[in-house]
Structures are given as C-alpha cells and as structure tokens.
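What follows is a set of notes on a single structure, which appears directly below.
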Amino acid sequence: MDLPAKETVAFIIACCCWLHARTEVIADDSYLNTVQNAAPLSCSEGFTELGYYNGTVSQTDSGSPCLRWTEFPDYVQQYPGRGLGEHNYCRNPDRESNPWCFFRQSSGAIGWAYCDCHQGAARLVGGTSSKSGRLEVYLNGQWGAVCDTHWTDRDASVICRQLGLGDIGTALQNSHFGAGSGIFHYERLGCRGSEASILQCQSRKFVTSDCNHGNEAGVMCAPPEGNGAPLRLVDGLEEFEGRVEVFHNGRWGSICDDQWDDVDAEVVCRQLGFGGVPKAWSWAHFGQGAGPIQLDAVQCTGNELSLEECAHGGWEQHNCDHMEDAGVSCSPYTDGVVRLVGADIPWEGRLEVYHNADWGTVCSDGWTDLHARVVCRQLGFRGRAEVAVDGAYGEGSGLILLDGVRCSGSERSLLDCGHREWGRHDCTHRQDVAVRCERRVETNWVPGPAPVTGMLVRLVGGPSRKEGRVEVLMNGQWGSICDDGWNDLNAAVVCRQLGFSGVSKARTMAYFGEGRGPIHLDNVRCTGKEASLGECPAEGQDAHDCRHSEDAGVTCDYAPGAARNSGASTRACGLRPSTLHHEKNSVGVEKPSRGEWPWQASLWLKPHSKGNHPLCSATLINSCWALTAAHCFNRFGRDPSRYVLRLGDYHSSERDGPDRGLSPEHIVVHRKYEIQGWEHDIALVRLRGEEGNCVTFDPHTNAACLPAVGSTWGKKPATCLIMGWGLTNSEHSHTLLPAWVPLLPSMACKKRYGEHFSSHMLCAGDPSGRQRLGSCHGDSAGPLLCQGEDGRWTLVGVTSRGQSCSDPTLPGVYTRASRFLHWIEHVVHSTAKI
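Listed below in structure tokens is the structure:
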C-alpha cells in the first residue's frame, strides 16, 4: 500500500497553522493524522550532518508514546537508510525540519504528530553551580519537578549523565535547593543507574498522590561528600552487601580479591556509612563485573577512612580476571539472631541461626520443648513451644552451626544456652531442628479500652507499649509497613485503633528496628479520621519498592516537651527538663525519654549514617566545650574535621526533636595521656562559635555540673548513674540507656586492678556480682553522674575502661573529673593548645 507523500501532509498542516486550530486530515490508507501543534518547535540537537534526527526522544509533543517503525514496513521500505528500524524513536526520514512519529490515539486510530525534541529534557535550578540544583523535567511543553519520595542516587546519576556532568550523582531531598512553584511531573523515576536519560528509565511513574513543594528532588553531580574515590556495592540481595566497585578515571570498576580480608571490608563499610559486621568475600561471590579491574593487592590497616588510603598495587595494575572480584557485606545482623524458615507462617519452621556473617542450621540432638521455648521467646512468641519432627520443614543447606545445645528453658536467647564450638557437629541436614511456637505474640497491646476491630495491628520493638514498629496481620502473617508517605495522620489512626487518645507521632526509617517478615503495605494515605488502618487507602504487598530499612513506626501519647523560657541566656548547670520517677537506690537499665538528659552528646566519625553507632559519648560542660575520653581519638586521630558532635542525642539511627549535629573546632587531649596506658584518659572538644555562645541553652540543652574542688564524690559510697549506647544482648542499643551503679571504695578498685588503678580514677559496679550492670562497649567516654541534695547532676567521672560489658567481676573504671579541674579550666580559658 502506498502511503501519501509526507510533503503533502506537511503542506496541509502549514495551511492550517494560521487558523490556530486542531485540524484532522484523513489519509488514503486510513491512517489518522492529527496536527498536534500548529507552530513547529525548533530542535537544535540530535541531527546528523545530512539533516536526519538521530536522537532518543520517543514521545509526541503532547506526551503520547511513539509506535515502533517496524509496525509500518511500507514506510520503512520507502525510506531506506534513514534511521527507521526496531525502535520507536522520533525520526524525520523525509528531512522535515521537526522529527515526528506515528502514535495510537485513545480511539484506537493511528495518527502521526511532531515530537518535542526537548521532551524529557532536564535542568538543575537554584544550585550554587551548574552541577547542582533542584531537578526540573520538561514534559508536554512544561517544566515540572520530581517528587523526592522514591528519589535515589541511581536516579541522580542518570540525570548527571544526561546533562553531561559525569556518571556520579548524589540524590538530595526535602527541597535542598529551595522550593519551586510549578507542577510535579514524576512521583518516581525508578532508574537502574545505567540509563543514558530519564526517558529510558522503565519504572517511571507520574504523580498520582499529593507531593508538596518542600519535597522536590535535588541533584549534585559530583562525588558524594566523604573521603577517597567513590565506592558502591553491586548485585547484592541487600543494600549493605555486594561486589565492591570503585570510581576512578571516569569509570566504575571492580577490585581483585588478592589479599582481600575483613580489615579491608571494615574500611569499605565505614566509607559507605554502614554499621554492622564487615565481612570480605572473594571469588566473585556477588557475580562478575564487566568493567575494568581498578585495584589489586589492597592492604588496609583498618584505621583508614577510605579505601583509597589503603596500600594497593596501583590503579588498574593487576594480574586478575573478573572471577576474582572482591565483595563485602556490612551485615546489620549480630551473632545469635535466629529465624524460622520453610513454612508459610512465621511462628514455625526450620531453625536457622546467624553467626560470623552466615546463616546455618542447628542439629536436633538432645532438643526438647525447653529449647523450643527459648527460641520462641527470642522471636517474641509466648505460650506453648514444641520441637517438630526432623524434616518437617525440609532439609537445610550450607552450614550446620550449632550442636549439643543445652537450655534450661529460662534463657532469653539461644546464645545464653550452652553449646559446642560454633561449626563443630556430627550431624547431617536430616537432623536439622525445627520449632513450632504458639501464635500468640509479645506485643504492645494496650490494656483497658478494647482495640477497634478491623485489620489487626501491633507495635513491635519499642521501649514501651506506646511505641514501636507498626506491623499488620495479613494472610496469616505479620508484616511491616513501608514509610513512603507515612505521617502523623497515619500514626493517629494506628494509635486510635490500639486505644490511645493522645498526640501521635509518625516514625520512619526503621526507627524501632527493621522487621524480618513481608512488607504488607506502602503509601498508606489516612485522613486521620478512620477508626482502623484497614480503612485507609494503601498499596498492597506486590506494589511496594521498599526495604525493611524503611519500616514505619509510631509513638502514641507523644509528649514533645515544648521548650520553656528559662528566664536567662544561660541556665544553672545540672538541671534536667523533668525528674526521673526512679528510686534512688534502684539498679539496672531504665529507658529515658528523648531530651531527658540535656548534656548528653555523642561523637561520630564522618560521614555517619543511621546504620552506624557512635564512636564515643561526650558531656557538655559549658556552652562551647564537651568533656570526653582521650582514648576516643586513638584510632582516627585528633583532626576535628573528621568528626561530628551530636547534642541532645537519643536515638542513634534517627535525627529528631532536640538532636543537632555540630562541627568541632578543636580537640585537646591531655598531654600526659599515653595510648597504651590508663592514666590521664581525658579530652576536651571545642565547638565552633563565639566564646560563651556556641550553643544556646534550653530545656533540652544544658551543661552538667563539674565537681567542686575538694568534693567528696568517690570518697564514700554513693549510687550514681552511667549512660551510653552500649551493648545489650550482643547488639548496640539504638536508644540512650542509663543505669544506676554504686561507687566502690578505692581499696576495692585497687585490689581488683592493681597498679593500673590510681588516684586519678574511680570505679563503680555491684560488688556482690548479683546485678549485671556497668560500662559496656559503646559506652566509651560516657558520663558517670551523681545527683546532689539540691537535685543537680554532677559529672563525677568519664568512662575509661568498660571493656567487659556488665561483667560483675570487672567494675567499670572512670577518669576522676575532680582531679582534672585545673587542667579543664586552663584549656577552656586559654588560647594555647595543651
């Protein structure tokens, strides 16, 4: 069939342009040609020397997708060698000034229309340079923003590549470069990261829900802030694992696994901002790369801030192939975590335990219902527990990690039970133990008012029954909710359903820890008036694009603790915004409220992220200075630019409320401190700002008192308090934990530690050994505080040696603050560095 000459169609269009109307022209072959825009747009890019458009635009100027040229074989034959083929890119085979394409109208008829050469164009607005700014995309004749709800570095990298600004993009959110005033085009781009332009991103989603100004996506086309050449993890099942690739000389490439070990993995995890257990993988554990091999023979000491600082064989110098690509996992799991697999419901299945970055099974030798009770308790199930028959849930594969397990039934976790050495066994996978737990679950259900009926909801992982990760029961299985669009209106419905009536606060980014089951819901959109969560519109299980690091949570009966006017620019030291309701002689761990200890600070290594934990604690002693321990700087040195000091710190994985990060200006370590010794383990951190006005005091920010000269703290028994983010059940606590401890007589400390203990130190702990308390890993430099009769809290000591977490035979050792008052005063009031 002969098609009408394109020139004829163009002539008809030209004659109609002055009418400023849409004119419909019927071709002889029944193709419907609609004039989409009477004024042809000018295109200046994408043309060959012969005048043929050779770009990648594949939409008409009204946004309709183009059809593949191979659907019109007669036209392809009529214009051979003009760029028509198995694609749907706009073309001008007849040398029309504007490219065009065929498209399908809503009626089903085929039409043709000009293409907008700027369709899908991108620009950056409001940045400090041409390489950064708020992203705007051109579609259907309008520039519009992109919502930051699903905005990732992969999307940003595609934008940078499209703009010719390199292959590395950093995604910025919350209208980092200022809010716009126009429309939003995209809710999500969903790029893989390798595309040449956003029009090639296959998971693009136009805006379907509310996206407000203040939520525009931003882009920075430069390596992300941090040290050394950029790194990424590729082809892992989780974001914290994968093949290690480094960006050098304009290209991403892999690393050869020669001499690759866990020390190298530690540096990679640190540079990427991941906490957890670093583990090195070799022999292309995460698949083979395809680009250059950038590094070989990497040898880190473990102290480096970036992989580039480690010794290596030189860039692109190697004798490897991609079978030897190195990998890393920065697993957030800790040894002893258990799970049940092989069943369709979460309360029964084959038991697997996590150890040394691997999951493995447990041999059933000697297992009874007492063992099963411990497992079920650890998983949060209460009630009956039983051992299933061997093979009931299939045989495992891989490692058999435990054998000879001995439980009494009262233990809180499997790690508390006796067992043979990890990995030692005489079993096969036919003897893999399986467990059945009763379906009832340890939750934070509220006694009193009956919860509203509807979709079952529970709160898990919170410090009290009023807060936690939100989980819902669907298809017989508990699962979490993605935090996309999660807000206080959603939280209000959850709290109402659970019987709470106070103020509700939404929590995001796995604030109460990551779940392990399915993610049931995403984009929950409550109005706040619903009686139960099941009444709110939401996307179901198959529609989300989330990880458990985005699990939603709530705090019910939230008390933000509004600031009160202190009546002065500075406040009296040692005063708190509220009084603890604990007895003075109580011992053990209590959960504080956010902002309850206003002098508490934490020291972080840059860059820090929610997956990490603090290096050390610190205590604010005036507006510009914080007291900490000298040993905190053993590993990474005393350069203040390497650290961030966070005041008002409470939750180590989320920034909220009174929490704020500040840059240190100076770090002063006592001149007599020696790395190998215990003496003079004290340091001061100076914050940026004018003397006496670095930090503004308010009810949630205040200084602790220093002891008076000649004070008697430590000379007689007293019950004081320590604080930090130390280990609990083999994991770093996400929230600040205080514990009451008695000060011990110096003679008792001297007897325990010998010549290592001096008059510059204090020690505290339970001499009877009955209470498991004291300083833990992660409590380094934490304050030892004692409350005076006037109600004020005094910083008596700084945690120096707390290596044996809650070991009753090893009381914690603290640097005695009263012995360093003159040194502190001299440093604070002197311009010289001591």
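Under full-length UniProt numbering, think of the first position of the sequence shown as 1, with each following residue one higher.
Virtual Cβ for every residue (Gly too), placed ideally from N, Cα, C.
Look up residue i in the DSSP assignment and say whether it is helix, strand or coil.
{"i": "Ile621", "result": "coil"}
{"i": "Ser197", "result": "coil"}
{"i": "Phe240", "result": "coil"}
{"i": "Tyr114", "result": "strand"}
{"i": "Arg204", "result": "coil"}
{"i": "Lys279", "result": "strand"}
{"i": "Asp74", "result": "helix"}
{"i": "Arg564", "result": "Note on Arg564: pLDDT 31, under 50, position unreliable in the model; no value is reported."}
{"i": "Gly55", "result": "coil"}
{"i": "Ala708", "result": "coil"}
{"i": "Val668", "result": "strand"}
{"i": "Ile682", "result": "coil"}
{"i": "Thr728", "result": "Any reading at Thr728 is ruled out, since the residue's pLDDT is 42, under 50, leaving its predicted position unreliable."}
{"i": "Cys786", "result": "strand"}
{"i": "Ser663", "result": "coil"}
{"i": "Phe697", "result": "coil"}
{"i": "Glu825", "result": "helix"}
{"i": "Val65", "result": "The displayed chain sequence assigns Pro, not Val, to residue 65. Pro65: strand per DSSP, three-state reduction."}
{"i": "Ser830", "result": "coil"}
{"i": "Ala601", "result": "strand"}
{"i": "Ala764", "result": "strand"}
{"i": "Phe633", "result": "helix"}
Tell me which same chain residues have a C-beta within less than 6 Å of the C-beta of residue i, skipping the five on either side of it?
{"i": "Phe820", "result": "Ile682"}
{"i": "Phe177", "result": "Gly126, Gly127, Gly133, Arg134 and Gly218"}
{"i": "Asp155", "result": "Leu189 and Cys191"}
{"i": "Glu539", "result": "Asp522 and Asn523"}
{"i": "Tyr89", "result": "Thr56 and Ser58"}
{"i": "Arg801", "result": "Val813"}
{"i": "Trp604", "result": "Pro614 and Val644"}
{"i": "Glu550", "result": "Cys482 and Asp483"}
{"i": "Ala343", "result": "Gly349 and Tyr393"}
{"i": "Arg232", "result": "Glu245"}
Run the CB neighbour count on residue i, radius 10 Å, all protein chains shown included, and call it buried at 16 or more, exposed below.
{"i": "Val268", "result": "buried"}
{"i": "Glu73", "result": "The question names Glu, but residue 73 in the sequence shown is Pro. Exposed."}
{"i": "Leu687", "result": "buried"}
{"i": "Ser641", "result": "exposed"}
{"i": "Ala618", "result": "buried"}
{"i": "Glu789", "result": "exposed"}
{"i": "Gln294", "result": "buried"}
{"i": "Pro537", "result": "exposed"}
{"i": "Asn98", "result": "buried"}
{"i": "Asn92", "result": "buried"}
{"i": "Ser130", "result": "exposed"}
{"i": "Thr301", "result": "exposed"}
{"i": "Ile400", "result": "buried"}
{"i": "Ser254", "result": "buried"}
{"i": "Leu139", "result": "buried"}
{"i": "Val685", "result": "buried"}
{"i": "Met220", "result": "buried"}
{"i": "Ala626", "result": "buried"}
{"i": "Lys505", "result": "buried"}
Quick one: what's got a C-beta closer than 8 Å to residue i's C-beta in the same chain, skipping five residues either side?
{"i": "Trp597", "result": "Arg576, Met723, Leu736 and Pro738"}
{"i": "Ala704", "result": "Cys573, Gly574, Trp599, Thr619, Leu620, Ile621, Pro783, Leu785, Trp793, Thr794 and Leu795"}
{"i": "Phe206", "result": "His185, Tyr186 and Glu187"}
{"i": "Ala629", "result": "Cys616, Asp681, Ile682, Ala683, Ser780, Ala781, Val798, Thr799, Ser800 and Thr815"}
Below 7 Å CB to CB, which residues in the same chain sit around residue i once its five sequence neighbours on both sides are set aside?
{"i": "His829", "result": "none"}
{"i": "Arg251", "result": "Gly291 and Pro292"}
{"i": "Thr368", "result": "Val387"}
{"i": "Arg161", "result": "Asp167 and Ala196"}
Worksheet item: If you pair each beta-carbon of the region 375 to 384 with each one of the region 393 to 403, do three or more pairs fall below 8 Å?
Response: no
Discussion item. If we require 3 or more residues per run, which beta strand (DSSP E) segments fall completely within the UniProt domain "SRCR" (338 to 438)?
Written reply: 338 to 341, 348 to 355, 358 to 362, 385 to 388, 399 to 402 and 434 to 437
Fill in: Continuous alpha helix (DSSP H) assignments of at least 4 residues falling wholly in the UniProt domain "SRCR" (457 to 557)
If we require 4 residues or more, the alpha helix (DSSP H) runs fully inside the UniProt domain "SRCR" (457 to 557) come out as 488 to 497.
Worksheet item: With contact counted as at least three CB pairs below 8 Å, one residue from each stretch, are the region 416 to 435 and the region 362 to 372 in contact?
Response: yes
Worksheet item: Are the region 507 to 527 and the region 461 to 469 touching, with three or more C-beta to C-beta distances below 8 Å?
Response: yes
Worksheet entry | Whole runs of the beta strand (DSSP E) within the region 106 to 186, excluding any shorter than 3 residues | 110 to 114, 122 to 126, 132 to 139, 142 to 146 and 170 to 172
Item to complete: Give, in chain order, every unbroken run of the beta strand (DSSP E) that is at least 3 residues long and sits entirely within the UniProt domain "SRCR" (231 to 331).
Response: Here the runs fully enclosed are 231 to 235, 241 to 248, 251 to 255, 277 to 281, 293 to 295 and 327 to 331.
Worksheet item: How do the region 145 to 153 and the region 205 to 216 stand: do at least 3 beta-carbon pairs fall below 8 Å, yes or no?
Response: yes
Practice prompt. Give, in chain order, every unbroken run of the alpha helix (DSSP H) that is at least 4 residues long and sits entirely within the region 734 to 761.
Written response: 746 to 753
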